[in-house]
Amino acid sequence: MSVRIRDREVLDVQLRIYEPPRFFEGILRGRHYTEVPDITARICGICPVAYQTSGCLAVEQACGVTVDGPIRELRRLVYCGEWIESHALHLYLLHAPDFLGYESAIHMAADHPALFERGLTTRKAGNKLLITLGGRAEHPINPRTGGFYRAPSRAEVEPLVEPLQHALDETLETITLLGTLAMPDFERDYEFVALRDDDGRYPIDRGRIISTSGLDIPAEGFDEHFVEEHVAHSNALHSRLRDGGSYMVGPMARYNLAFDMLSPLARDAARAAGLERSCRNPFQSIIVRGVELLYAIEEALRLIEAYEPPDPPAIALEPRDAVGYGVSEAPRGILWHRYQIDASGAIRDARIVPPTSQNQRAIEEDLHGFVAGHLDLSDDDLQWQCEQAIRNYDPCISCATHFLKLDVERD
Amino acid sequence: MSATPSKPKLAVWKFSSCDGCQLSLLSCEDELLTLVGQVDIAYFLEASRAVVEGPYDLSLVEGSITTELDAERIHRVRRVSRRLVTIGACATAGGIQGLRNFTDVEDLIAAVYPTREYVATLEQSTAISAHVPVDFELQGCPVNKYQLLEVIRASLANRVAPIPASSVCQECKLRGNNCVMVAHGTPCLGPVTHAGCGALCPSFNRGCYGCFGPMESPNTGALSAWLRKLDLDDVDLVRVYRTFNASAPAFQRESERYGRSA
Numbered sequence: 010m011s012v013r014i015r016d017r018e019v020l021d022v023q024l025r026i027y028e029p030p031r032f033f034e035g036i037l038r039g040r041h042y043t044e045v046p047d048i049t050a051r052i053c054g055i056c057p058v059a060y061q062t063s064g065c066l067a068v069e070q071a072c073g074v075t076v077d078g079p080i081r082e083l084r085r086l087v088y089c090g091e092w093i094e095s096h097a098l099h100l101y102l103l104h105a106p107d108f109l110g111y112e113s114a115i116h117m118a119a120d121h122p123a124l125f126e127r128g129l130t131t132r133k134a135g136n137k138l139l140i141t142l143g144g145r146a147e148h149p150i151n152p153r154t155g156g157f158y159r160a161p162s163r164a165e166v167e168p169l170v171e172p173l174q175h176a177l178d179e180t181l182e183t184i185t186l187l188g189t190l191a192m193p194d195f196e197r198d199y200e201f202v203a204l205r206d207d208d209g210r211y212p213i214d215r216g217r218i219i220s221t222s223g224l225d226i227p228a229e230g231f232d233e234h235f236v237e238e239h240v241a242h243s244n245a246l247h248s249r250l251r252d253g254g255s256y257m258v259g260p261m262a263r264y265n266l267a268f269d270m271l272s273p274l275a276r277d278a279a280r281a282a283g284l285e286r287s288c289r290n291p292f293q294s295i296i297v298r299g300v301e302l303l304y305a306i307e308e309a310l311r312l313i314e315a316y317e318p319p320d321p322p323a324i325a326l327e328p329r330d331a332v333g334y335g336v337s338e339a340p341r342g343i344l345w346h347r348y349q350i351d352a353s354g355a356i357r358d359a360r361i362v363p364p365t366s367q368n369q370r371a372i373e374e375d376l377h378g379f380v381a382g383h384l385d386l387s388d389d390d391l392q393w394q395c396e397q398a399i400r401n402y403d404p405c406i407s408c409a410t411h412f413l414k415l416d417v418e419r420d
Numbered sequence: 100m101s102a103t104p105s106k107p108k109l110a111v112w113k114f115s116s117c118d119g120c121q122l123s124l125l126s127c128e129d130e131l132l133t134l135v136g137q138v139d140i141a142y143f144l145e146a147s148r149a150v151v152e153g154p155y156d157l158s159l160v161e162g163s164i165t166t167e168l169d170a171e172r173i174h175r176v177r178r179v180s181r182r183l184v185t186i187g188a189c190a191t192a193g194g195i196q197g198l199r200n201f202t203d204v205e206d207l208i209a210a211v212y213p214t215r216e217y218v219a220t221l222e223q224s225t226a227i228s229a230h231v232p233v234d235f236e237l238q239g240c241p242v243n244k245y246q247l248l249e250v251i252r253a254s255l256a257n258r259v260a261p262i263p264a265s266s267v268c269q270e271c272k273l274r275g276n277n278c279v280m281v282a283h284g285t286p287c288l289g290p291v292t293h294a295g296c297g298a299l300c301p302s303f304n305r306g307c308y309g310c311f312g313p314m315e316s317p318n319t320g321a322l323s324a325w326l327r328k329l330d331l332d333d334v335d336l337v338r339v340y341r342t343f344n345a346s347a348p349a350f351q352r353e354s355e356r357y358g359r360s361a
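Top to bottom, those sequences are chains A and B.
One rule links them: number in our numbering = place in the first sequence (from 1) + 9.
One rule links them: number in our numbering = place in the second sequence (from 1) + 99.
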């Protein structure tokens, strides 16, 4: 990251993503549409289910099929597992140490062993869900286009309840703790973008794209309203609104746009931790993530209670010459896929817009504003707090979580 | 946490990858605290902003080499590592991004990025062993976390990790699975794929798709003949061998019998 400062004025902030390009959209060309969930899962080891889900939705739309009923419910349940796993990882192991003044979760563990273990057991409850329903936590093998290869029995699903209930209680305690943390004083007026679930639930597995300023479009309307740009300093494409600037996706966006869809327990926990209905301090995202973690655990328990194994576990798809779009709420925000397939089932064209590239511009603007307000910090402190500001977004580029080399040029 | 001299130093390095393999280390929920007590996790950027100076007793390397800078960096990693173990399909066989090795990388760049000159990349995605000597290669996309722990323990104790190089078929037999290929006519790479997943896919009524890469001395020709009987054509056969371990020699050779294009 580079920051240029002259005469107490921040001239420029650039976040460089060094993650070498892997060309997924290129290598998907010529592959069979059934391979989409297996191949795109490998884009991210932390949120493979998000890639699998958005990919399946897009392929299914291309084939003229909407997956509903018990298959969709099972998909949402698997997705809850990923939210739990991913949010717990970020909240306890990557972000909390910043607020408590430790360089890592391992350093934090020495003084706060219970908090560290709570992070691990909560994450384990999510991973157990992924392992039971998906086969494994990293790159699950059970999701497929049209549904699942095998529907787990009720007997297989029952043992998930106890660890989730335990995690629920612990998450409530954690949210209370998060409410006591000192938050840097920093707010911005964001344009939030998230999904709205068609069944009136908190957005996770699919929905229409909505925004603070009243956007309300289906996945296929994305290109009309958003544009991706290639900038010289980063390997991630930047997104912006065609008729505006940056926008934010992820927990804060969902919280602000779908607060009413949270469970009563989650809403109460948010208020008790000092959150308003609207939240514009990005550092408070750690509390918002805690509230979403609570919701995902509750939702998983609800879905397990209502679970009936889908029979058959997948809907048969018939490929045709068509384009399909899919969007879902990855833990870090909306993840959009578009595929053009042909009648043989081969993929002719693929496009994927992940959450981190959509947030990149907002991250740079946060840093710009934050640095401007904290020019008196030493370079070391400035670096740490800037890293923390980046971690507010839980960027899924691992190297962006702890890699930071901050070059401060003070003229 | 202070670095105790008596504790061996562990480093985790990332190259081009999805982070899934190093994440499996954080997924060792029940074992992580014990591990932290036994080794000094001296370099692990995914999890910590603190960096302890090398040299390291054990370096775990995730990811493949796809840029000039990384091709230089891996030599520096090797120089500060007493033992170097690759974890996962990217580091061991070039990974899914190794599919570029079968096509023109310029076409892939054009498919993704609007501005050619902003993209720095090598034409090939290569395994770590193509650049520096490697002490052990742990296969899998992603690796099995229990095997990863075993490799760490074995490496630090100077013994050979007991990782069987047999096939997924053996694991199916141990689990008592019906053979999906014999019983249901489902194409399955289990007969040529390295064990380690615990026969996951057949346990979910699907065929193995080879994410652990080739077993030791696989008879791919015989399997391809079987797959043809299940109506797979040349295009299908190229696809099944060219996924996450496409550049592993045994899978690459077999896919090239059926066509160059991916």
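Just so it is clear, CB atoms sit at the ideal spot from N, CA and C, and this is done for glycine as well.
| said: Against B/Tyr340, what residues of chain A qualify as contacts under a CB-to-CB distance less than 7 Å, listed in chain order? | reply: Those do not exist, as B/Tyr340 stays about 13 Å from chain A at its closest Cβ, beyond 7 Å.
| query | Can you give, in chain order, each stretch of the alpha helix (DSSP H) that sits fully within the stretch 150-237 of chain A and has at least 4 residues? | reply | 163-166, 170-187, 231-234
| At a CB-CB cut-off below 7 Å, which residues of chain B make contact with A/Cys89? | Within chain B, no residue comes near A/Cys89; the closest Cβ sits about 17 Å away, beyond 7 Å.
| query | Under 9 Å Cβ-Cβ, which residues of chain B neighbour A/Asn136? | reply | Ser126, Glu128
| With C-beta atoms as the reference, is B/Pro286 less than 7 Å away from B/Leu329? | yes
| said: Which residues does DSSP list as the beta-bridge partners of B/Trp112? | reply: B/Val160
| request: Please confirm whether B/Gly312 and B/Ala192 have their CB atoms less than 7 Å apart. | output: yes
| query | Name the chain B residues whose beta carbon is nearer than 9 Å to that of A/Gly35? | reply | Leu198, Arg199, Thr202, Val204, Asp206, Leu207, Ile208, Ala209, Ala210, Val211
| request: In the DSSP assignment, find the alpha helix (DSSP H) that holds A/Ser294 and state where it starts and stops. | output: 294-314
| message | Between which residues of its own chain and B/Thr103 is the CB-CB distance below 6 Å, once the five residues before and five after are set aside? | response | In this prediction, B/Thr103 scores a pLDDT of 46, lower than 50, which makes its location untrustworthy; the coordinate-derived value is nonetheless stated afterwards. Excluding positions up to five away in sequence, the list is empty.
| said: Cutting at 6 Å between CB atoms, please list the residues of its own chain near B/Ser101, excluding the five before and the five after it. | reply: Its pLDDT being 48, under 50, B/Ser101 is placed unreliably in this model, and the coordinates cannot settle the point.
| said: I want to verify the contact list: residues of chain B whose CB lies under 7 Å from the CB of A/Gly144, in sequence order. | reply: Leu299, Phe303
| query | Taking 7 Å as the CB-CB limit, is B/Thr191 close to chain A? | reply | no
| request: Return the CA-CA distance between A/Cys408 and A/Arg25, expressed in angstroms with no decimal places. | output: Its pLDDT being 37, under 50, A/Cys408 is placed unreliably by the model, and nothing is read from it.
| Among A/Ala398, A/Tyr264, A/Tyr304, A/Asp385, which has the Cα closest to the Cα of A/Ile14? | A/Asp385
| With 16 as the cutoff for other CB atoms within 10 Å, does A/Thr410 come out buried or exposed? | Bear in mind that a pLDDT of 42 at A/Thr410, under 50, signals an unreliable position, so the number given afterwards is only what the model happens to contain. The residue in question, A/Thr410, is buried, as its Cβ has 16 or more Cβ neighbours within 10 Å.
| request: Identify whether B/Arg199 lies in helix, strand or coil by the three-state DSSP scheme. | output: helix
| Of all the options A/Leu169, A/Arg85, A/Tyr211, which has the alpha carbon lying nearest to the alpha carbon of A/Phe157? | A/Arg85
| field | Any C-beta of chain B under 7 Å from that of A/Gly54 | value | yes
| Helix, strand or coil: which one does DSSP assign to A/Phe108? | helix
| message | Measuring only the C-alpha atoms, how far is A/Gly262 from B/Leu273? | response | Looking at the sequence shown, residue 262 of chain A is not Gly but Ala. Those two C-alpha atoms are separated by around 48 Å.
| Spatial distance of B/Glu315 from A/Leu250 (CA atoms) | 52 Å
| Can you find at least 3 beta carbon pairs, one from the stretch 46-66 of chain A and one from the stretch 329-346 of chain A, that sit closer than 8 Å? | yes
| query | Hey, how far is the Cα of A/His346 from the Cα of B/Gly153? | reply | 42 Å
| CB of A/Asp225 within 7 Å of CB of A/Arg217, strictly | yes
| field | Of the listed residues A/Pro227, A/Glu314, A/Glu396, nearest to A/Phe292 (C-alpha basis) | value | A/Glu396
| said: Just to confirm the assignment, what range does the alpha helix (DSSP H) spanning A/Val45 have? | reply: 45-50
| Looking only at C-alpha atoms, which of A/Tyr316, A/His377, A/Leu344 sits nearest to A/Arg81? | A/Tyr316
| task | Look up A/Leu344 in the DSSP assignment and say whether it is helix, strand or coil. | result | strand
| message | Please classify A/Thr75 as buried or exposed, where buried requires at least 16 other C-beta atoms within 10 Å of its C-beta. | response | exposed
| Distance, Cα to Cα, B/Ala361 vs A/Leu344? | Because B/Ala361 carries a pLDDT of 44, less than 50, the predicted location of this residue cannot be relied on, and no value is offered for it.
| Do you know how far the Cα of B/Phe235 is from the Cα of B/Gln137? | 21 Å
| Quick one: does A/His148 have its CB under 7 Å from some CB of chain B? | yes
| said: Using the Cβ count rule (16 or more neighbours within 10 Å means buried), how would you classify A/Ser162? | reply: exposed
| said: Taking the alpha carbon of B/Asn318 as the reference point, which residue from B/Arg338, B/Ser302, B/His293, B/Leu299 has its own alpha carbon closest? | reply: B/His293
| Quick one: is A/Asn368 buried, meaning 16 or more other Cβ sit within 10 Å of its Cβ, or exposed? | buried
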